[in-house]
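Working notes, beginning with the structure itself.
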Amino acid sequence: MNNTDISKSYSWPNIVHECFIQQAQLYSQKLALELDEQSLTYSELLYSVYCLTNYLIDKIQPNKIICQCVERSFKMITDMLAILSNDVVYCPLSPLDPPERLKSLIQDTSTKTLLIHSFTWQTILMTHTSCNLIKTDSFILFNYISNNNEHHITKSISVTSDNIAYIIFTSGITGICKAVIISHSHILLYLQPSVGVDALRTTDRPIQLSLCTWDVHIHEIFDTLILLR
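So the sequence shown is residues 1 to 229, counted in full-length UniProt numbering.
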């Protein structure tokens, strides 16, 4: 139970997003995501992650927290993977929360950067935050992607398994919201039992249901992207 060396028993990298990259290289044409009538293959998702990672690389500092407040979309997954690829900590915020709670969580994280969408722009403005707001569905970003044919991360970024991958906050029902900190190794250790029992098969189509502020949300996503063969 206390063994945190992922590589000893599983042929995985020790970093969550590198596990996804390995999966994308092995199954490039396999569908990774479906939403309504749209779909993305692993290679298409990986390309989007590379582009956003490179776009953000000089705009954020390693080991800091970046909050994300977006609606359910492909960009939610792309943003998450790009944040991890830049060795920064992912913190999801729900656009369904009242502005007062969002403001409190933003202050608690001391984040300097928020990734948002056009649909959540007004919600975040109501928090009166002074953070740098980056619309990941903006024309500027689309223009950047269209002019950069990048199939790799352009800058060397060092990430270890002990680095923090994400934080989530408790509901605060009993008082002050408390931050729960999860490292890369913790996520991968959580996934190990699913590998042992062959929990996901090629023909499976897992459905992601939980809100982004629930811990299980992260595991639903990475269970599917990393384990599905």
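Just so it is clear, CB atoms sit at the ideal spot from N, CA and C, and this is done for glycine as well.
Segment limits, alpha helix (DSSP H) that includes residue i
i           : result
residue 104 : 99-109
residue 48  : 42-56
residue 22  : 16-26
DSSP state of residue i mapped onto helix, strand, coil
i           : result
residue 159 : coil
residue 127 : coil
residue 89  : strand
residue 135 : strand
residue 35  : strand
residue 239 : Residue numbering for the chain in the displayed model covers 1 to 229; residue 239 lies beyond these limits and cannot be assessed.
residue 61  : coil
residue 1   : Below a pLDDT of 50, predicted positions are generally treated as unreliable, and residue 1, at 42, falls in that range; the measurement from the model is reported next regardless. If DSSP states are grouped into helix, strand and coil, residue 1 belongs with coil.
residue 213 : coil
residue 221 : helix
residue 96  : coil
residue 207 : coil
residue 29  : coil
Per DSSP, cross-strand counterpart(s) of residue i
i           : result
residue 179 : 169
residue 164 : 183
Boundaries of the beta strand (DSSP E) in which residue i is found, first to last residue
i           : result
residue 65  : 65-69
residue 114 : 113-116
Whole-Å CB distance - residue i paired with residue j, under 8 Å assumed
i           : j           : result
residue 57  : residue 113 : With 8 Å as the limit, residue 57 and residue 113 do not qualify as a contact, their Cβ atoms being about 12 Å apart.
residue 176 : residue 167 : Not really, about 15 Å apart at Cβ, beyond 8 Å.
residue 136 : residue 52  : 7 Å
residue 48  : residue 212 : The Cβ separation is near 18 Å, so there is no contact.
residue 29  : residue 226 : Residue 29 to residue 226, Cβ: 17 Å. No contact.
residue 185 : residue 162 : 6 Å
residue 120 : residue 66  : Their Cβ separation, rounded to whole angstroms, is 15 Å, which puts residue 120 and residue 66 out of contact at 8 Å.
Quiz item: How do the segment 81-92 and the segment 13-29 stand: do at least 3 beta-carbon pairs fall below 8 Å, yes or no?
Solution: Yes: at least three Cβ pairs fall under 8 Å.
Practice problem: Taking 8 Å as the threshold, find out whether the segment 120-133 comes into contact with the segment 87-102 through three or more Cβ pairs. | Solution: Three or more Cβ pairs closer than 8 Å define a contact, and the segment 120-133 meets that threshold against the segment 87-102.
Exercise. Indicate whether the contact test is met: 3 or more Cβ pairs, each with one atom in the segment 213-225 and one in the segment 61-71, closer than 8 Å.
Key: These segments do not touch.
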